Amino acid sequence: MAWILLVLAGFLEVAWAVGLKYTQGFSRLVPSVFTIVSMVGSVWLLALAVRTLPLGTAYAIWTGIGAVGAFVLGIVLFGESASAARIASVTLILAGLVGLKLTAA
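Under my numbering, think of the first position of the sequence shown as 1, with each following residue one higher.
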């Protein structure tokens with residue numbers, strides 16, 4: 001169950017990262033509320049997950065999901081660069097996440 005909570009926390013981290021782009025510096029109400037609610041939900045689910053998961057592993061996976069998700073949505077939604085070097089770098093992050101999951105106590 002903790003792993004499911006951690007993945008959901010990671011998805012909410014992606015949501016708030018993307019939402020942050022739409023807030024225009026927290027000057028737009030609806031995207032700002034969405035972003036803040038996503039932030040709180042993400043940290044709350046992370047807090048629940050670290051009750052039973054190792055902190056270092058959980059935090060690295062949480063931030064990794066956020067980084068990879070924001071990277072992908074940045075390309076899809078905002079036309080950010082999808083260069084080979086950037087994709088290779090994100091692939092390394094994914095490999096690290098898999099390694100952490102496979103070696104988690």
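Every residue gets a Cβ at the ideal spot worked out from N, C-alpha and C, and that includes glycine. All figures in this text were calculated on a predicted structure; none of them were measured in a lab.
By a C-beta neighbour count over all protein chains shown, 10 Å radius and 16 as the cutoff for buried, is residue i buried or exposed?
i	result
Thr35	buried
Ala58	buried
Gly56	exposed
Val98	exposed
Ile87	exposed
Ala17	buried
Val33	exposed
What first and last residue would you give for the alpha helix (DSSP H) that runs through residue i?
i	result
Ala104	Here Ala104 belongs to no alpha helix (DSSP H), and DSSP marks it neither H nor E.
Ser38	Leu29 to Ala49
Glu13	Ala2 to Thr23
Leu55	Leu55 to Phe78
Report the rounded CA-to-CA distance for residue i versus residue j, giving the unit in angstroms.
i	j	result
Val50	Phe26	30 Å
Lys101	Lys21	30 Å
Leu48	Glu80	33 Å
Met1	Ile75	31 Å
Thr63	Gln24	23 Å
Met39	Leu73	17 Å
Leu94	Leu77	21 Å
Ile61	Val30	29 Å
If you measure from the beta carbon of residue i to each beta carbon in chain D, is any gap under 8 Å?
i	result
Ser83	Annotation note: the requested chain D is absent from the structure, which comprises a single protein chain.
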